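Student: Take a look at the following structure, please.
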Amino acid sequence: MNIRLIARLDVKLQHLIKGVQMEGWRKMGNPAERAKLYYQQGADELLYMDVVASLYERNNLSDIVREVAQEAFVPITVGGGIGDLKSVKQLLDVGADKVAINTAATKRPDILREISDTYGSQATVLSIEAKRLPQGGWEAMTDNGRNHTERDVIAWAVEGARLGAGEIFITSIDRDGTMKGMDLDLIAAVTREVDIPVIASGGAAGSAHVAQAVGAGATAVSLAKALHTDAVTFGALRDDLAKASIPVRAHKSEMVQV
Amino acid sequence: MSKSIVVVDYGIGNVFSVCNALKQAGCEPNLTRSASDVLSADKVILPGVGAFGRAIAALRDLGLDETLRRFVETERPFLGICIGMQLLMDQSTEFGENTGLGFIPGIVDRIPGTGTDGAPLRVPHISWGEVRPAENVSGEDWAATPVANGGAHDSFYFVHSFHCTPSDPAHRLAVVDYGGNAITAAVRRDNLMGVQFHPERSGPAGLGFLERFINL
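Just so you know, the sequences run in chain order A and B.
Throughout the first sequence, residue numbering follows the working numbering, covering 1 to 258 in sequence.
Throughout the second sequence, residue numbering follows the working numbering, covering 259 to 474 in sequence.
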């Protein structure tokens, strides 16, 4: 099965931003234009996170999603501040295919079941921000790693899958924005315990890190900073991964029109 | 006169994406639930995401099951996408048993939980899968279908937990590999076609498929 390569775009107000370990955000460009570029380069999916949404208790990405969905014909996931079915519907109606739920689910896990029952598990992604604990294991955090939930990441992933999530999107806070490689222990621990697809996020600088994550069990990997800084492109990633015998979609051949 | 394409609006998901992709592929779709619009269309597309039971109930509540049956009898091209494809079958085992439209004999059931090597498979199946002709489809036949890009094996975006098994192998058009299992990727019967993948979310390959369907 082909591994999915996903572009993650964190958005604050109208800016594409990126930090290190979810802090010290810097502006990286226009979130709609970058997404369209990633689509043209061959991203398998796009994933938007409104990083200040939980503070305002609303997601502000509708306009960006509406614009991008008309030009980028790949699945779009939107996360950040989504807490009820009304806001899910609003995002799906402007072209999002899936919603990623973090804070709202940690407060009221049944929201996952409600979204899944109404819009299907294929639209329901449980987003987990994982912080390594000194004593071992990981704690699920919210609001970009600021707030504790006291939930064990692995147990929470299992519960999320049971409640109807169709995918787990797992971000290592410790590795986020470092480009020093992904938390392979975390990826292995989560993928071992759940039987739904797992998207790994945090720390990938290029194809070698992606290959390691796949080796640890990830069926999809998201990249952010490496893309936003033009350190890698999807074309180069695909070529390198294919050479390393990691199955990926052949993008170029599809561009040939008959 | 340009051909009229109807996208059936029955309140089940992703019509925005399907309509956008059709516009990009070169047509101006009519998103409607009006029986007269459906019956006068040159082609009809039935989209859908989510659960089978909810989708078939929505179609029946709007009386669209009967409208679609009448459209299919016109022998004009009809395309079902994802749940829209699964609805064409006799029945589904998703959340109890639900009867479908029965346009193509066969069943919809859960994707096998293990690969041919015995290893567990993650469900839903979410991947860009390369489609290839089903067993009984000849090369010439394949090249002529909209699913094949002039005979190529394009990759499309799949996201599903259930899959179709037509009773008559002749109705199976394309398959995709998942853990060694050949999962039905497309079905057909006369003027009917159904695809499990999402052409509206499959990049240039998906737009190419829609363009070929529009131009049938």
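For glycine and all other residues, C-beta sits at the position ideal for the given N, C-alpha and C.
This structure is a prediction, so every number in the text was calculated from the model and none was measured.
Where does I6 (chain A) sit, in a helix, a strand or coil, going by DSSP?
Tutor: strand
Student: Which residues in the same chain as W400 (chain B) place their Cβ atom closer than 6 Å to its Cβ, once the five residues preceding and following it in sequence are excluded?
Tutor: Spatial neighbours of W400 (chain B) in its own chain (CB-CB distance under 6 Å, excluding positions within 5 residues in sequence) are listed in chain order as P391, A406.
Student: Within a Cβ cutoff of 6 Å, which residues of the same chain sit near E193 (chain A), ignoring the five residues on either side of it in sequence?
Tutor: Excluding sequence neighbours, E193 (chain A) sits near I154, V158.
Student: Would you mind sorting Q14 (chain A) into buried or exposed? The rule is 16 or more other CB atoms within 10 Å of its CB.
Tutor: exposed
Student: Could you work out which residues of chain B lie near D44 (chain A), taking near to mean beta carbons separated by less than 8 Å?
Tutor: W386, Y415
Student: Please name the residue, chosen from A:F234, A:A204, A:D195, that lies closest to A168 (chain A) on a Cα-to-Cα basis.
Tutor: According to the sequence provided, residue 168 (chain A) is Ile. The question's Ala does not apply to it. Among A:F234, A:A204, A:D195, the Cα nearest to that of I168 (chain A) is on A:D195.
Student: For V248 (chain A), does the three-state DSSP call read helix, strand or coil?
Tutor: coil
Student: Is the segment 159-179 of chain A close to the segment 217-230 of chain A, with three or more CB pairs under 8 Å?
Tutor: yes
Student: Mind checking which residues open and close the alpha helix (DSSP H) that includes V433 (chain B)?
Tutor: Where V433 (chain B) is concerned, there is no enclosing alpha helix (DSSP H), although the beta strand (DSSP E) it sits in stretches over 430-436.
Student: Going by beta-carbon coordinates alone, are I187 (chain A) and A218 (chain A) separated by less than 7 Å?
Tutor: yes
Student: Of all the residues that make up the segment 289-305 of chain B, which are near chain A by a beta-carbon distance shorter than 8 Å?
Tutor: none
Student: Along the chain, where does the beta strand (DSSP E) that runs through I82 (chain A) open and close?
Tutor: That residue, I82 (chain A), is in no beta strand (DSSP E); it is neither H nor E in DSSP.
Student: Are the C-beta of N356 (chain B) and some C-beta of chain A separated by less than 7 Å?
Tutor: no
Student: Using 7 Å as the limit for Cβ to Cβ distance, is V453 (chain B) near chain A?
Tutor: no
Student: Using a beta-carbon distance cut-off of less than 7 Å, what residues from the segment 396-412 of chain B approach chain A?
Tutor: N407, G408, D412
Student: Could you name the residues that DSSP lists as bridge partners for M451 (chain B)?
Tutor: B:L337, B:R446
Student: Compare the C-alpha of A236 (chain A) against each of A:L47, A:A208, A:A220, A:V68 and name the closest.
Tutor: A:A208
Student: Do the segment 138-150 of chain A and the segment 92-112 of chain A make contact, defined as three or more Cβ pairs closer than 8 Å?
Tutor: yes
Student: Could you tell me which chain B residues have their CB closer than 7 Å to the CB of D230 (chain A), listed as they occur along the chain?
Tutor: What D230 (chain A) touches in chain B: nothing, since even the nearest Cβ is about 21 Å away.
Student: Using a Cβ-Cβ cut-off of 7 Å, state whether Y119 (chain A) counts as contacting chain B.
Tutor: yes
Student: F420 (chain B) bridges to which residues according to DSSP?
Tutor: B:R368
Student: Report back the beta-carbon spacing between A443 (chain B) and A432 (chain B) to the nearest angstrom; my notes put them in contact at under 8 Å.
Tutor: Distance from A443 (chain B) to A432 (chain B) at the Cβ level is roughly 4 Å; contact confirmed, criterion being Cβ atoms closer than 8 Å.
Student: Within 7 Å (strictly less), CB to CB, does F73 (chain A) reach chain B?
Tutor: yes
Student: Taking the alpha carbon of R470 (chain B) as the reference point, which residue from B:A283, B:G397, B:L345 has its own alpha carbon closest?
Tutor: Nearest option by C-alpha distance: B:A283.
Student: Taking DSSP's pairing of strands, which residues face D349 (chain B) in a bridge?
Tutor: The sequence given here places Gln at residue 349 (chain B); Asp does not occur at that position. Partner(s): B:T357, B:I365.
Student: Here's the rule: buried if 16 or more other CB atoms are within 10 angstroms of the residue's CB, otherwise exposed. What is P457 (chain B)?
Tutor: By the neighbour-count criterion, in which 16 or more other beta carbons inside 10 Å mark a residue as buried, P457 (chain B) falls on the buried side.
Student: As a quick exercise: from A:P197, A:G160, A:R162, A:S172, pick the residue whose alpha carbon is nearest that of H418 (chain B).
Tutor: A:P197
Student: Which same chain residues end up closer than 6 Å to N2 (chain A) when comparing Cβ atoms and leaving out the 5 residues on each side of it in sequence?
Tutor: Cβ neighbours of N2 (chain A) beyond the five flanking positions: P247, V248, R249.
Student: Which residues in the same chain have their Cβ closer than 6 Å to the Cβ of R337 (chain B), if we skip the five residues on either side of it in sequence?
Tutor: The displayed chain sequence assigns Leu, not Arg, to residue 337 (chain B). The answer, listed in chain order, is I303, M451, F471.
Student: Residues in its own chain within less than 6 Å of G79 (chain A) by CB, not counting five upstream and five downstream?
Tutor: Correct list, in chain order: M49, A100, S127.
Student: Can you check whether the C-beta of I196 (chain A) is within less than 7 Å of a C-beta belonging to chain B?
Tutor: yes
Student: What first and last residue would you give for the beta strand (DSSP E) that runs through F274 (chain B)?
Tutor: Unbroken run through F274 (chain B) is the alpha helix (DSSP H), 273-282; no beta strand (DSSP E).
Student: Have a look at the DSSP bridge pairing and note the partners of K180 (chain A).
Tutor: Note: K180 (chain A) sits in no beta bridge, so no partner.
Student: Which chain B residues sit within Cβ distance under 9 Å of G95 (chain A)?
Tutor: N272, F274, S275, N278
Student: Entirely within the segment 139-211 of chain A and at least 4 residues each: give me those alpha helix (DSSP H) ranges in chain order.
Tutor: 153-162, 184-193
Student: At a Cβ threshold of 7 Å, is G166 (chain A) touching chain B?
Tutor: Interface with chain B (7 Å Cβ-Cβ cutoff): G166 (chain A) is included.
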